[in-house]
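Throughout the sequence shown, residue numbering follows my numbering, covering 2 to 93 in sequence. Only one structure is covered here, and it is reproduced in the block below.
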Amino acid sequence: MSSGLLVSVLVGGLGIGGAVGYIAGAATKKTPTAAVSTAPAADVPLFVYEKQTYTTSSLPSQLQTSLYQADLEAFNQKQAMVREFVVRIALA
Numbered sequence: 002m003s004s005g006l007l008v009s010v011l012v013g014g015l016g017i018g019g020a021v022g023y024i025a026g027a028a029t030k031k032t033p034t035a036a037v038s039t040a041p042a043a044d045v046p047l048f049v050y051e052k053q054t055y056t057t058s059s060l061p062s063q064l065q066t067s068l069y070q071a072d073l074e075a076f077n078q079k080q081a082m083v084r085e086f087v088v089r090i091a092l093a
């Protein structure tokens, strides 16, 4: 392969890659942010037992932390899925 052809292929590939990156970046900036909060919800009712409602604030602090971490992990997974979908739309 001649050096001129190699340079042309490399420059063309960089141009296409840059265009795809720009489109993907522009698409992610235009998308609305999710209405999901990562802040801990202090008084979310979890369950009722013997006519008493238990909320997140009535749990032991270690369990509150574990519950918050699980919610945060779920939020991050959903956000990653949405980002992947946006990139697929941008590339289509």
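All residues carry an ideal CB built from backbone N, CA and C; glycine is no exception. None of these values were measured; they are calculated from a predicted model.
Secondary structure of Val88, DSSP reduced to three states:
Along the sequence shown, read from residue 1 onward, the residue named residue 88 stands at position 87. The DSSP-derived three-state label of Val88 is helix.
Quick one: which unbroken beta strand (DSSP E) runs of 3-plus residues sit fully inside the stretch 39 to 69? Chain order, please.
46 to 50, 53 to 56, all fully within the stretch 39 to 69.
Pull up the distance between the alpha-carbon of Thr56 and that of Gln70, whole angstroms please.
If you number the sequence shown from 1, residue 56 lands on position 55. If you number the sequence shown from 1, residue 70 lands on position 69. Rounded to the nearest angstrom, the two C-alpha atoms are 17 Å apart.
Kindly indicate which three-state DSSP category Ala93 falls into: helix, strand or coil?
Counted from its first residue, the sequence shown places residue 93 at position 92. Note: Ala93 maps to coil in three-state DSSP.
With a Cβ-Cβ cutoff of 7 Å, do Thr54 and Pro46 count as a contact?
Within the sequence shown, residue 54 is the residue found at index 53, counting from 1. Within the sequence shown, residue 46 is the residue found at index 45, counting from 1. It is a contact, given that the beta carbons lie within the stated cut-off.
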